[in-house]
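**Q** No gaps in the numbering here: position 35 of the sequence shown is 34 in numbering that gives the first Met the number 0, and each next residue is one more. Glycine residues also receive a C-beta, built at the ideal position from the N, C-alpha and C atoms. Sharing a structure, written as structure tokens. Questions coming.
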Amino acid sequence: MVHKIFSELRAHRPYTLLHDHDSLPEKVWLYPEEGWARVCCNSHWLLKTPWWSTRHCYILEVEGTKKHRTVGRVLPARAGEVVVEGSFRGVTDGDFRLVLTSTVTPADQQRGYLMTGSLEKGDRKLGRWQTTHLAVTKRSGFP
0 MVHKIFSELR AHRPYTLLHD HDSLPEKVWL YPEEGWARVC CNSHWLLKTP WWSTRHCYIL
60 EVEGTKKHRT VGRVLPARAG EVVVEGSFRG VTDGDFRLVL TSTVTPADQQ RGYLMTGSLE
120 KGDRKLGRWQ TTHLAVTKRS GFP
């Protein structure tokens with residue numbers, strides 16, 4: 000009885016609720032923004048939640064023939080949002096913030112997008128962020 004009352008009164012963190020019900024998207028497609036000055040190939044991220052933590056995720060960035068790996072943090076966010084932060088070592092502007100939301104427009108639904116958002120890269124210590132990519136996840140069955 001006491002355990003049941005305690006579990007009902009205990010505050011749930013959004014990232015644990017996200018992990019229990021809505022898993023992280025496996026593949027995130029990245030499309031470069033028009034204002035971003037760097038040349039970019041077709042790129043995507045592969046996300047995977049490790050067995051040892053619900054607040055972390057493995058990230059594999061595939062950009063053309065280059066691959067970078069890191070471990071990111073899944074941060075608490077509003078309902079229907081996923082925020083992943085981290086940094087790639089040995090890369091200029093290696094800090095990143097990926098924000099995905101499940102609220103999509105009807106046009107995005109017709110394109111087969113399940114979640115949309117943005118990827119910001121920059122320097123976390125200086126607080127300089129620049130939106131570099133449009134990030135989307137696709138439903139199964141859409142190319």
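Leu-45 to Arg-54, Cα distance in whole Å?
**A** 16 angstroms
**Q** Is the distance from the Cβ of Gly-85 to the Cβ of Thr-100 below 7 angstroms?
**A** No, they are not a contact pair.
**Q** Rounded to the nearest angstrom, what separates Arg-138 and Gly-89 at their Cα positions?
**A** Between the alpha carbons of Arg-138 and Gly-89 lies a gap of roughly 33 angstroms.
**Q** Tell me whether Ala-134 sits in a helix, a strand or coil according to DSSP, three-state version.
**A** The answer is strand: DSSP assigns Ala-134 an E or B state.
**Q** Less than 8 angstroms between the CB atoms is what I'm expecting for Lys-66 and Leu-59, so what's the real figure, rounded?
**A** 6 angstroms
**Q** Along the chain, where does the alpha helix (DSSP H) containing Asp-107 start, and where does it finish?
**A** 105-109
**Q** Return yes when the Cβ of Pro-24 is within less than 7 angstroms of the Cβ of Thr-136, no when it is not.
**A** Result yes, Cβ atoms of Thr-136 and Pro-24 sit closer than 7 angstroms.
**Q** Please name the residue or residues paired with Ser-101 in a DSSP beta bridge.
**A** For Ser-101, which the question treats as bridged, DSSP gives no partner whatsoever.
**Q** Identify the residues that DSSP records as bridge partners of Phe-95: which are they?
**A** Gly-85 and Lys-120
**Q** Excluding five sequence neighbours on each side, which residues of the same chain lie with their C-beta closer than 8 angstroms to the C-beta of Asp-107?
**A** Around Asp-107: Thr-115 and Val-135.
**Q** For a test of the three-state rule: what should DSSP assign to Glu-80, helix, strand or coil?
**A** strand
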